[in-house]
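Read in order, the letters of the sequence shown correspond to residues 12 to 281 in the working numbering.
Note that beta-carbon positions come from the ideal geometry of N, C-alpha and C, so glycine has one too.
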Amino acid sequence: MMKFYSTILFIALAFASKAQGCIENFPSKQERLVYDNADMLNAGQANQLESKLRQYSDTTGTQIVLITVARSRCKLSMAATELGHEWGVGQEQEDNGIVIAIARDDREIFIATGYGIEGYIPDAYAKRIIENIIKPNFRNGYYYDGLDKATDVMFDMLSGQYTASQTENPNEDGIPGWVIALLIILILFIIINSRRRKQYEYYRGGRRVYDGGWGHTGGDWGDFKTGGGVFRIPSGGGWSGGGGGGGFGGGGFGGFGGGGFGGGGAGGSW
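As structure tokens, this is what we get:
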């Protein structure tokens with residue numbers, strides 16, 4: 012039995028040692044919420060996000076930390092979770108902390124959620140934020156836009172005002188809805204026109220004759236008459252880059268409150 016407990020203790024200590032080494036190249040804890048060590052944001056953008064997250068922390072007690080590094084020495088999920096737990100992001104009784112960790116050169120991101128956050132932002136929701144908001148922006152070099160919009164959605168999720176459309180990506184792979192609708196309409200048109208042609212066909216002098224019929228103008232399939240509907244193909248769309256966000260007031264950051272993390276969250280790469 013003592014050997015069993017010794018083995019468990021050894022594994023726990025080994026894991027803690029590995030995790031500690033994992034965050035050695037991450038910035039040290041300071042009285043702030045944004046740590047852009049990888050220089051993915053300019054000074055103005057970093058200050059806007061800092062002010063935004065500070066005001067949210069002051070208002071709700073929920074703390075969201077953003078950290079960027081060039082590379083992570085180990086699995087980013089482990090580093091983000093360990094850092095959140097080590098720093099005590101969030102409040103001790105609420106465990107309401109979030110760590111957004113980004114490894115720039117690895118092109119990886121992980122959103123680690125504290126115990127108290129997991130009910131509001133389940134792993135699947137965190138994954139949708141990454142896939143449908145952060146990744147499209149990051150791929151276009153719009154790092155600030157991706158993080159600004161992602162934190163907006165997090166605020167809505169935490170307040171219960173989130174709607175699924177906020178994390179829908181209009182550029183997701185697959186056939187657009189308007190294309191499917193157009194194909195269905197064309198198929199129905201062909202079927203209906205074919206039936207009408209059969210209703211009006213007869214034989215004259217040993218050959219098949221089509222007399223009238225909907226849309227018949229002498230061709231095989233007829234054409235659309237004037238005055239009919241127009242199919243409009245959506246233009247534009249996608250995530251736009253540049254500017255925006257910010258405008259949040261100052262106020263000093265009061266420090267982390269001792270929140271706990273247990274491995275919740277999701278990751279991805281761009």
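Span of the alpha helix (DSSP H) holding residue i?
| i | result |
| --- | --- |
| Gly125 | Segment Glu119 to Gly125 is the beta strand (DSSP E) holding Gly125; no alpha helix (DSSP H) there. |
| Tyr154 | Tyr154 to Ser170 |
Given a cut-off of 8 angstroms on the beta-carbon distance, is the pair residue i and residue j in contact?
| i | j | result |
| --- | --- | --- |
| Leu87 | Ala57 | no |
| Lys138 | Gly269 | no |
| Gly130 | Ile144 | no |
| Glu103 | Gly266 | no |
| Ala277 | Ile109 | no |
| Gly117 | Thr79 | It is Asp, not Gly, that sits at residue 117 in the sequence shown. For Asp117 and Thr79, no; Cβs fall outside 8 angstroms. |
| Gly72 | Glu119 | no |
| Val76 | Leu60 | no |
How far does the beta strand (DSSP E) with residue i in it reach, from first residue to last?
| i | result |
| --- | --- |
| Phe272 | Phe272 to Ser280 |
Rounded to whole angstroms, how far is the Cβ of residue i from the Cβ of residue j, which I believe are closer than 8 angstroms?
| i | j | result |
| --- | --- | --- |
| Ala112 | Cys33 | That pair is no contact at about 11 angstroms. |
| Val100 | Gln66 | Wrong, their Cβ atoms sit about 17 angstroms apart, outside the cutoff. |
| Lys40 | Trp98 | 5 angstroms |
Taking 7 angstroms as the cut-off, does the CB of residue i come closer than this to any heavy atom belonging to the ligand GDP?
| i | result |
| --- | --- |
| Gly271 | The model depicted lacks the ligand GDP and carries no ligand whatsoever. |
Segment contact flag, the region 265-275 with the region 122-134, C-beta cutoff 8 angstroms, min 3 pairs
Under the 8 angstroms Cβ criterion, the region 265-275 counts as touching the region 122-134, having at least three qualifying pairs.
Report yes or no: do three or more beta-carbon pairs, one from the region 130-138 and one from the region 80-96, lie closer than 8 angstroms?
Between the region 130-138 and the region 80-96, the count of C-beta pairs closer than 8 angstroms stays below three; the two stretches do not touch.
Does the region 148-156 come close enough to the region 50-57 to have 3 or more Cβ pairs within less than 8 angstroms?
Cβ pair count under 8 angstroms is three or more, so yes.
I'd like the ranges of any alpha helix (DSSP H) spanning at least 4 consecutive residues and lying wholly in the region 91-148.
You should have 134-140.
Report the residue ranges of all beta strand (DSSP E) runs contained in full by the region 39-96; include only those spanning at least 3 residues, in chain order.
Taking only runs of at least 3 residues, the beta strand (DSSP E) segments lying wholly in the region 39-96 are 45-47 and 74-80.
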